[in-house]
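Engineer: First residue of the sequence shown? That's 1 in UniProt numbering, and the numbers climb one at a time after it. We put the beta carbon where it would ideally sit given N, CA and C, even for glycine. Please find one structure pasted underneath; my questions will follow.
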Amino acid sequence: MIKKKRRPSPELQLFRSLNLRSSLPPKEKQYYHHLEKGFEGEMQFDDWASTLDPQPVMIHDISFEISHTYCQLDSLWITPQGIYLFEVKQYEGDFYVKDDSWFTLYGKEIKSPLLQLRKNESLLRQLMQQLQWDVPVHAFLIFMNPLFTLYHASPDMPILFPSQIERFRQNWKRDSLPSGEKEEGRTALLLERGTTIPFPSRTPPYTFTDLQKGILCAECFSFMKKEKRMLICPGCQTAVSRDQGVLQSIEEFRRLFPDEKLTTNTIIEWCGGGLPPRSARRILTTNFQIRGRGKHAYYQ
């Protein structure tokens, strides 16, 4: 029972647009692929969690400010047995752990995901105290990629490896109780406490002129082509109305250029130049409020 679905992070959405509309430098390209891979693992986790029986009440990807500290939680399950916290990773390859430090098999130290889990678990317990909830917190680090191996892991580490996921499902079905009104109420309170974390921009500098223009497919991110009043994706054959495609492109423009004014001419150019001015004005007037007049008019 999903109460908050997962969406790509604002940072991932920015990098997607820049990757599709420009040529990212190698370092930023590598970081972008890291973001995509992480999101892929989180979506695999969500698909797996949706098959559990009984279904917990789930909040995917929620952030809190607790004791003046921000934390982003991959997934929370609210159940009669307590609150379950999952930190989802999509690592691939061979790693080993020594004391509290994590390394690749070639000796390169990486940030410990277990320390990250413990920090978030501590903050979540503080939130439970603030809400005056006497409920246990069960925290797990879960690896979704079957091509991941961790050497020297202690059996008491709160880790679920790919080979253990099916057994977790079986134990869940045997031991868990269905969620009810109490869990629904707690979920609503947690959603109210959720906040947005300001993230530092790691994107390279870019301008409107730098980026390729056109309307992107929301499914496979290919550039769409106009056919009469429809837009057709040559990559996956997705078809949308011209208005829907333009609105999606406007949303992307506002994400990339939050301080730029939304004008008819700007959107015509951003969409690739094939949008008639009358259609552009109609779409903007229908969905946004006009400010100013004549050549100085823009939309909010």
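Is DSSP giving M43 helix, strand or coil here?
Structural biologist: In the structure shown, M43 sits in a helix (DSSP, three-state: H, G or I).
Engineer: State the start and end residues of the unbroken beta strand (DSSP E) segment that holds E227.
Structural biologist: From DSSP, the beta strand (DSSP E) with E227 extends over 225-227.
Engineer: Can you have a look at I66 and say buried or exposed, based on whether 16 or more other CB atoms are within 10 angstroms of its CB?
Structural biologist: So I66 counts as buried.
Engineer: At what residue ranges does the UniProt domain "NERD" (37-147) contain a whole run of the beta strand (DSSP E), taking only runs of 3 or more?
Structural biologist: The UniProt domain "NERD" (37-147) contains these whole beta strand (DSSP E) runs: 57-66, 69-79, 82-89, 93-98, 101-104, 137-143.
Engineer: For R254, which three-state DSSP category applies?
Structural biologist: Helix at R254.
Engineer: Just to confirm, is the Cβ distance from W270 to K213 under 8 Å?
Structural biologist: Cβ distance < 8 Å, so W270 and K213 count as in contact.
Engineer: Return the CA-CA distance between K37 and N145, expressed in angstroms with no decimal places.
Structural biologist: C-alpha separation (whole angstroms): 10 Å.
Engineer: Which residue wins for smallest C-alpha separation from E181, given the options P56, W48, L20?
Structural biologist: For E181, the nearest C-alpha among the options comes from P56.
Engineer: Taking the beta strand (DSSP E) that L231 falls in, what are its first and last residues?
Structural biologist: Note, L231: beta strand (DSSP E), 230-232.
Engineer: Have a look at K3 and D61 and give me their C-alpha separation to the nearest angstrom.
Structural biologist: If you take the alpha carbons of K3 and D61, they lie about 11 Å apart.
Engineer: Tell me where the alpha helix (DSSP H) around A239 begins and ends.
Structural biologist: First-last for A239: 239-241, but that is the beta strand (DSSP E), not the alpha helix (DSSP H).
Engineer: With H, G and I counted as helix, E and B as strand and the rest as coil, what does DSSP make of T207?
Structural biologist: Looking at T207 - three-state DSSP - the assignment turns out to be coil, as it is neither helix nor strand.
Engineer: Below 8 Å on the Cβ atoms is my contact criterion, and I expect R254 with Q13 to pass it. Report the Cβ-Cβ distance as a whole number of Å.
Structural biologist: Between Q13 and R254 the Cβ distance is about 11 Å, and since that is not below 8 Å, they are no contact.
Engineer: Here's the rule I'm using: 16 or more other beta-carbon atoms within 10 Å means buried, otherwise exposed. How should C236 be labelled?
Structural biologist: Per the 10 Å Cβ criterion, exposed.
Engineer: Closest to G294 by C-alpha separation, out of P276, S249, T263, would be which residue?
Structural biologist: If we check each option's Cα against that of G294, T263 comes out closest.
Engineer: Leaving aside the five residues before and after residue 310 along the sequence, list all residues of the same chain whose C-beta is less than 8 Å from its C-beta, in chain order.
Structural biologist: Outside the shown range of the chain, which is 1 to 300, sits residue 310, and nothing can be said about it.
Engineer: Just curious, the alpha helix (DSSP H) that K182 is in, first and last residue?
Structural biologist: Here the alpha helix (DSSP H) through K182 covers 181-193.
Engineer: Roughly how many whole angstroms lie between the Cα atoms of Y206 and T285?
Structural biologist: So the alpha carbons of these two residues sit roughly 28 Å apart.
Engineer: Give the secondary structure of L150 by DSSP, where H, G and I count as helix, E and B as strand, and everything else as coil.
Structural biologist: If DSSP states are grouped into helix, strand and coil, L150 belongs with the strands.
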